[in-house]
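Structure, as structure tokens:
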Amino acid sequence: MSIATEIEQRLTQALALQHLVIENESHMHSGPATDSHFKLAVVADDFAGKRPVARHQLVYGVLSELMNNPIHALALHLYTAEEWQAQNGEIPLSPNCMGGSKGDH
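In our numbering, each residue carries its 1-based index in the sequence shown increased by 285.
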């Protein structure tokens with residue numbers, strides 16, 4: 286099973302998802318970063334009334350067994366349905382990786 290599929294299954298079981306986007310950004314990073322860097326946009330009613338830190342803690346708790354190995358980096362964009370609509374369904378762009386050999390010039 287791919288890491289993205291495992292992320293999707295775990296979030297689907299734990300949250301009342303309205304929308305989920307999983308982007309594998311491993312290609313943007315140096316080294317053998319295959320299937321280890323992901324960006325998620327998650328829309329769920331579970332986030333209503335929660336501050337950003339509590340939302341992140343909720344998602345990290347669901348994915349805790351995957352963190353550090355196989356997931357090395359995880360960018361989270363967590364919204365209620367109203368917030369997602371206000372974003373026009375757009376996910377912020379990720380910055381370019383400057384770690385490892387990519388930062389050497």
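Every residue gets a Cβ at the ideal spot worked out from N, C-alpha and C, and that includes glycine.
- Around the beta carbon of Ala339, fewer than 16 other beta carbons lie within 10 angstroms, which makes this residue exposed.
- At a Cβ-Cβ threshold of 9 Å, Glu291 and Leu351 count as neighbours.
- An exposed status is given to Ala371, since fewer than 16 other beta-carbon atoms sit within 10 Å of its beta-carbon.
- In the DSSP annotation of this structure, the continuous segment of the beta strand (DSSP E) that includes Leu359 starts and ends at Ala358 to Tyr364.
- Beta-carbon to beta-carbon, Val327 and Leu363 are separated by about 5 Å, close enough to satisfy the 8 Å threshold.
- The straight-line gap separating the alpha-carbon atoms of Glu367 and Ile356 is approximately 29 Å.
- Between Pro337 and Asp331, the alpha-carbon positions lie close to 12 Å from each other.
- In this model, Ser349 and Thr297 are separated by some 15 Å (Cα to Cα).
- Glu375 and Ala299 have their alpha carbons spaced roughly 24 Å apart.
- As computed with DSSP, Lys324 is found in a beta bridge with Glu308 and Ala360.
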